[in-house]
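Worksheet for the structure shown next.
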Amino acid sequence: MHSNIAVPRFTTAQVAAAAELPLATLQNWLARKMLVINDDDDSPGTGRMRLFSMRRAIHISLVAELVRHGVAVSRASFIAIGFTDVGNAIAYYGNSPTTEDLKNFRAPGQNFSNGTTLLIVRPPKDGEVEADNVSVVCAESYQVPMWDLFGSNQQEGSSAIVVNMTKLCDRVAGALQA
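For the sequence shown, numbering that gives the first Met the number 0 begins at 0 and goes up steadily by one.
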């Protein structure tokens, strides 16, 4: 993948193809402002070509994947922000981060370096913030039994959407030859 995933360089048609979306669908989402678009991808104005960064191409591809699972476009876009624009921070005080700390680090819009990255989405509960229902984990270091994907309390839910972000990012990068 290109070293700077925030550089706008892909056309709407290229991103639609990478997301396995009809071009008209992506254009509709953009025209209706259904996607959360960051400053690096603002519309350039009438008559000028809109370009998207790799970060936004991954965002749109993840939105398309979630929509295929029945999630509304606007909710899917907010969920995707949890992967493309938020990373897993390293928290340490005073000393340099350990190898274990670095293994659990994930930069925004990128996968964990030590294994398969999964995005887990649980159904929303009344009054909860969207971020409370989304987790980004490394499958190889995820130390929780599979049934706990749904929440530690049996009352919390019985289903989840799991997206293999490693495969999704590889597919997008391959389609865009980035």
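Virtual Cβ for every residue (Gly too), placed ideally from N, Cα, C. Here the structure is a predicted model, which is why all the values come from computation and not from measurement.
Run the CB neighbour count on residue i, radius 10 Å, all protein chains shown included, and call it buried at 16 or more, exposed below.
{"i": "His68", "result": "exposed"}
{"i": "Ser140", "result": "exposed"}
{"i": "Arg31", "result": "exposed"}
{"i": "Ser76", "result": "buried"}
In chain order, what residues of the same chain lie with their CB nearer than 6 Å to the CB of residue i, ignoring the 5 residues before and after it?
{"i": "Ala18", "result": "Ile59, Ser60 and Ala63"}
{"i": "Thr115", "result": "Ala138 and Thr165"}
{"i": "Ala12", "result": "Leu22"}
{"i": "Val171", "result": "Ala17, Ala56, Ile57 and Ser60"}
When you compare the CB positions of residue i and residue j, do they come within less than 9 Å of one another, or not?
{"i": "Ala106", "j": "Gly86", "result": "yes"}
{"i": "Thr83", "j": "Arg55", "result": "yes"}
{"i": "Val117", "j": "Ile78", "result": "One point to set straight first is that residue 117 is Leu, not Val, in the sequence displayed. Against a cut-off of 9 Å, the Cβ pair of Ile78 and Leu117 comes out as no contact."}
{"i": "Pro123", "j": "Ser52", "result": "no"}
{"i": "Ile4", "j": "Gly108", "result": "yes"}
Identify, in the order they occur along the chain, each residue of the same chain with its Cβ nearer than 7 Å to the Cβ of residue i, setting aside the five sequence neighbours on each side.
{"i": "Arg47", "result": "none"}
{"i": "Ala174", "result": "Ala16 and Ala17"}
{"i": "Cys168", "result": "Ile57 and Asn110"}
Whose C-beta lies closer than 8 Å to the C-beta of residue i among residues of the same chain, with five residues either side of it excluded?
{"i": "Asn113", "result": "Lys102, Cys137, Glu139 and Ser140"}
{"i": "Val72", "result": "Trp28, Met33, Leu34, Val62 and Val66"}
Please specify which runs of the beta strand (DSSP E), each continuous and at least 3 residues long, are wholly inside the region 56 to 94, giving them in chain order.
-> Segments of the beta strand (DSSP E) lying fully in the region 56 to 94: there are none.
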